[in-house]
């Protein structure tokens with residue numbers, strides 16, 4: 001059994017019913033090397049990611065965290081019990097890298113383990129919480145013992161508070177011990193399930209589970225669906241999560257299946273999600289059936305699937321299997337911003353995307369990198 005934490009560089013204030021972590025009024029937008037191999041936990045990778053965030057326009061879209069997963073340290077602690085950056089991966093130390101990343105206007109995050117060993121067998125933080133908090137703060141979880149994960153995270157929370165720096169505390173123990181019921185007292189976000197994989201079953205598993213715990217999300221603490229997020233919506237300052245709703249005449253939700261109809265409140269309206277979970281279909285909904293709306297005419301814009309906008313008393317979309325429409329609805333007097341595409345440049349930076357089915361961005365790479373095909377949907381500058 002495993003548990004890990006990500007501490008993103010830069011916890012202030014007293015703890016109340018929700019942990020007062022200064023950097024978490026909205027969900028974290030981060031670039032993470034967690035799907036790469038251990039050798040990616042390096043200065044070279046961190047700086048390449050930061051530079052790509054700037055050159056590709058991701059920083060301007062709010063992606064402010066560059067997070068490094070496990071394998072960044074040497075496998076053993078030093079003689080005084082502190083973690084030491086791997087000198088091969090970080091020849092000038094981590095602080096030199098974080099200074100450069102901070103100089104770009106970005107933040108930096110490092111992985112830590114609440115147990116005895118990380119996922120790759122490196123030293124965990126159990127028994128070293130204060131020392132590791134000091135190390136993490138100065139820089140910028142896996143093999144776990146028996147017992148409640150709540151105890152582990154309490155120790156690390158208190159240790160992070162003791163260093164008196166603003167820190168985003170991202171907890172990952174894969175939904176154990178009903179973490180959503182207590183996570184807000186300990187950190188800024190908490191994984192509520194096991195990892196997502198590149199298959200539809202993962203989306204169904206995580207999405208169907210998230211629907212039942214939406215009430216636990218609020219500014220300062222959020223359910224983490226492991227890379228399942230819609231940026232135009234999850235940065236809303238109200239910080240509320242969407243969940244299922246049942247329109248008139250629709251079948252009841254079935255446990256473990258992804259329901260077609262979702263809705264949630266926004267600071268300036270309501271978001272509606274329509275999901276074609278298994279087959280192509282046309283999904284329609286009357287605004288009078290949507291929580292937070294009611295009878296009447298509303299403005300709407302679809303952010304995710306078509307980019308369409310309009311006004312009326314209902315919406316309808318023809319969706320392919322596994323597709324989703326995400327509709328923001330406001331009252332007629334409100335101004336609804338049109339969806340915008342991410343900026344692209346003529347050439348992609350190192351590690352940037354340069355091709356793939358439906359890709360409309362840069363297809364050439366900055367010298368000396370070349371565009372290399374990973375699969376039909378993704379090519380990368382390497």
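Residue numbers (full-length UniProt numbering): 1 to 382.
C-beta: ideal position from N, C-alpha, C; glycine also.
Asked, Found
"At least 3 beta-carbon pairs within less than 8 Å: the stretch 233 to 240 vs the stretch 193 to 211", "no"
"Segments assigned beta strand (DSSP E), at least 3 residues, entirely inside the stretch 74 to 143", "107 to 113"
"Cβ distance (whole Å) where residue 293 is taken to contact residue 329 below 8 Å", "6 Å"
"As assigned by DSSP and simplified to three states, the class of residue 158", "helix"
"Within 7 Å, strictly: CB atoms of residue 297 and residue 286", "no"
"Paired residues, beta bridge with residue 286 - DSSP", "314"
"Residue 73 beta carbon less than 7 Å from that of residue 85", "yes"
"Short Cβ contact (7 Å threshold) for residue 182 with residue 150", "yes"
"Limits of the unbroken alpha helix (DSSP H) element including residue 425", "Past the boundaries of the shown model lies residue 425; the chain is included only from 1 to 382, so the question cannot be answered."
"Spatial neighbours of residue 17 in its chain, beta-carbon cut-off 8 Å, leaving aside the 5 residues before and after", "Residue placement at residue 17 is poorly supported in this model, since its pLDDT is 34, which falls under 50; the coordinates still yield a value, given next. Closer than 8 Å at the Cβ level, and outside the excluded window around residue 17, lie 184 and 185."
"Residue 328 - partner residues in DSSP beta bridges", "271 and 301"
"Sub-7 Å separation of residue 163 and residue 126 beta-carbons", "no"
"Cβ-based burial, residue 197 [other Cβ within 10 Å; buried from 16]", "exposed"
"C-alpha gap between residue 95 and residue 278, whole angstroms", "48 Å"
"Option nearest residue 129 by Cα separation, candidates 81, 319 and 176", "81"
"CA nearest to the CA of residue 413, picked from 213, 327 and 112", "One cannot answer for residue 413 here, as it falls past the ends of the chain, which runs 1 to 382."
"For residue 66, the first and last residue of its enclosing beta strand (DSSP E)", "65 to 68"
"Simplified DSSP assignment, three categories, for residue 214", "helix"
"As assigned by DSSP and simplified to three states, the class of residue 207", "helix"
"Chain-order list of residues whose beta-carbon lies under 8 Å from that of residue 255 (same chain, five-residue window excluded)", "208"
"Whether residue 117 touches residue 124 by CB criterion (7 Å)", "yes"
"Beta-carbon proximity of residue 228 to residue 213, cut-off 7 Å", "no"
"Residues near residue 367 in its chain [Cβ-Cβ closer than 7 Å; skip 5 each side]", "none"
"Residue 224: first and last residue of the uninterrupted beta strand (DSSP E) it sits in", "222 to 224"
"Three-way DSSP call (helix, strand, coil) for residue 373 in this model", "strand"
"Spatial neighbours of residue 313 in its chain, beta-carbon cut-off 8 Å, leaving aside the 5 residues before and after", "286, 287, 288, 295, 296, 297 and 298"
"7 Å Cβ cutoff met for residue 76 and residue 63", "no"
"Top-ranked residue by Cα proximity to residue 177, from 170, 169 and 152", "152"
"Inter-residue CB distance, residue 242 and residue 264 (contact presumed, cutoff 8 Å)", "3 Å"
"Short Cβ contact (7 Å threshold) for residue 211 with residue 244", "yes"
"Residue 122 and residue 69 closer than 7 Å at C-beta", "no"
"Per DSSP, cross-strand counterpart(s) of residue 192", "In DSSP, residue 192 forms no bridge with anything."
"Secondary structure of residue 38, DSSP reduced to three states", "helix"
"Terminal residues of the beta strand (DSSP E) in which residue 263 lies", "261 to 266"
"CB contact flag (residue 431, residue 120, <7 Å)", "Since the displayed the chain opens at 1 and closes at 382, residue 431 lies outside it and no answer follows."
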